[in-house]
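So the structure is just underneath, and the comments pick up after that.
Numbering (this note's numbering), first residue to last: 201 to 320.
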């Protein structure tokens, strides 16, 4: 499993992102994910790769900027500014560790083999 989670159970999504990017979106906390898995899945491995996601978002932003000349015939300047802002604020959320990107390996309780963790 691969998901974004906050450090706070009751984190309010940024109002601008909630309105324009992810209406009705929810960013769970790691504890909420754990509660949802309780008695259903076994956690085999857990890794926080959130700091890497800052670089990913900034690379997406750079690619978007570099591609803008070919995109601007179909999208307006408002669209451009919205996505630059979204990618910037998202990268800052990971850089500040307000948000984290978790990678989990889970198995069914009936799984009887040893899991060997692979890190990058």
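Positions of the beta carbon are idealized from the N, C-alpha and C atoms, including for glycine.
Rounded C-alpha distance that separates residue i from residue j
{"i": "residue 295", "j": "residue 251", "result": "6 Å"}
{"i": "residue 257", "j": "residue 225", "result": "19 Å"}
{"i": "residue 319", "j": "residue 273", "result": "42 Å"}
{"i": "residue 276", "j": "residue 314", "result": "53 Å"}
{"i": "residue 304", "j": "residue 238", "result": "14 Å"}
{"i": "residue 232", "j": "residue 242", "result": "15 Å"}
{"i": "residue 211", "j": "residue 217", "result": "13 Å"}
{"i": "residue 269", "j": "residue 263", "result": "11 Å"}
{"i": "residue 255", "j": "residue 293", "result": "12 Å"}
Option in the options with minimal Cα separation from residue i
{"i": "residue 260", "options": "290, 208, 270, 277", "result": "290"}
{"i": "residue 286", "options": "201, 210, 203, 214", "result": "214"}
{"i": "residue 201", "options": "232, 210, 246", "result": "246"}
{"i": "residue 302", "options": "264, 268, 227", "result": "227"}
{"i": "residue 208", "options": "249, 262, 297", "result": "297"}
{"i": "residue 230", "options": "267, 203, 271", "result": "203"}
Cβ separation of residue i and residue j, assumed to be a contact under 8 Å, to the nearest whole Å
{"i": "residue 236", "j": "residue 300", "result": "In fact, because the Cβ distance is near 17 Å, the residues do not count as touching under 8 Å."}
* Within the chosen definition, does the region 300-311 reach the region 268-281 through at least 3 CB pairs nearer than 8 Å? -> no
* Secondary structure, beta strand (DSSP E): runs of 3+ residues fully inside the region 224-277 -> Entirely contained in the region 224-277, the beta strand (DSSP E) runs reaching 3 residues are, in chain order, 242-248.
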